[in-house]
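Just below is one structure, and these are the notes that go with it.
Shown next, in the form of structure tokens:
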């Protein structure tokens with residue numbers, strides 16, 4: 037039996053975490069690691085104690101904000117980072133595995149907290165129909181290592 041790489045383990049975990057999302061539009065999972073250890077996990081959805089989008093607004097999803105984005109959801113990367121910080125874990129020098137390339141707002145947070153490497157599965161630009169992955173571009177410009185995970189993944193969700 038061959039041993040899987042940590043990249044494979046963490047990306048598969050991020051994919052499974054995405055399945056926990058209550059978002060009806062997109063499921064995203066994230067795993068924050070350092071030195072082959074998991075620091076924190078997250079998936080996109082509303083803050084704890086608020087409405088679950090798939091239960092409260094099952095037909096159309098949560099109300100949109102003034103820019104057309106989800107008014108309630110926290111992105112998977114943000115959830116993983118916030119949980120780590122809330123529990124006094126150091127995220128500086130860590131790596132982040134995420135099923136969707138970070139948006140620009142998440143990229144700014146990733147850079148600010150000192151995450152050194154981001155490995156993503158799917159393109160945010162392709163999902164949103166925009167010219168480039170702005171978050172990836174931002175991270176690369178400011179020296180964060182970014183890689184697209186290119187191995188074949190078997191998953192049973194159309195939303196990942």
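In the working numbering, the protein residues as written are 37 to 196.
Beta carbons are placed, not taken as given, at the ideal position from N, Cα and C, and that holds for glycine.
When the options are compared against residue i, the one with the closest alpha-carbon
i, options, result
"residue 158", "82, 172, 120", "172"
"residue 84", "118, 66, 73", "118"
"residue 68", "141, 168, 128, 160", "128"
"residue 135", "66, 71, 37, 170", "66"
"residue 86", "110, 124, 64", "110"
"residue 138", "179, 148, 126, 156", "156"
"residue 180", "148, 112, 50, 141", "148"
"residue 141", "165, 174, 122", "174"
"residue 177", "143, 186, 166, 189", "143"
"residue 73", "162, 125, 163", "125"
"residue 153", "39, 41, 70", "70"
Under 8 Å between C-beta atoms of residue i and residue j
i, j, result
"residue 130", "residue 151", "yes"
"residue 78", "residue 52", "no"
"residue 145", "residue 132", "no"
"residue 63", "residue 50", "no"
"residue 76", "residue 112", "no"
"residue 43", "residue 185", "yes"
"residue 37", "residue 189", "no"
Three-way DSSP call (helix, strand, coil) for residue i in this model
i, result
"residue 180", "coil"
"residue 73", "strand"
"residue 158", "strand"
"residue 153", "strand"
"residue 127", "coil"
"residue 79", "strand"
"residue 84", "coil"
"residue 172", "helix"
"residue 193", "Low per-residue confidence applies at residue 193: pLDDT is 49, beneath 50, and the placement is therefore not dependable enough to give any value."
"residue 64", "coil"
"residue 187", "coil"
"residue 59", "coil"
Delimiting residues of the beta strand (DSSP E) encompassing residue i
i, result
"residue 134", "131-136"
Terminal residues of the alpha helix (DSSP H) in which residue i lies
i, result
"residue 144", "140-149"
"residue 110", "Counting along the chain, residue 110 falls outside any alpha helix (DSSP H), and DSSP gives it neither H nor E."
"residue 167", "Counting along the chain, residue 167 falls outside any alpha helix (DSSP H), and DSSP gives it neither H nor E."
"residue 46", "42-54"
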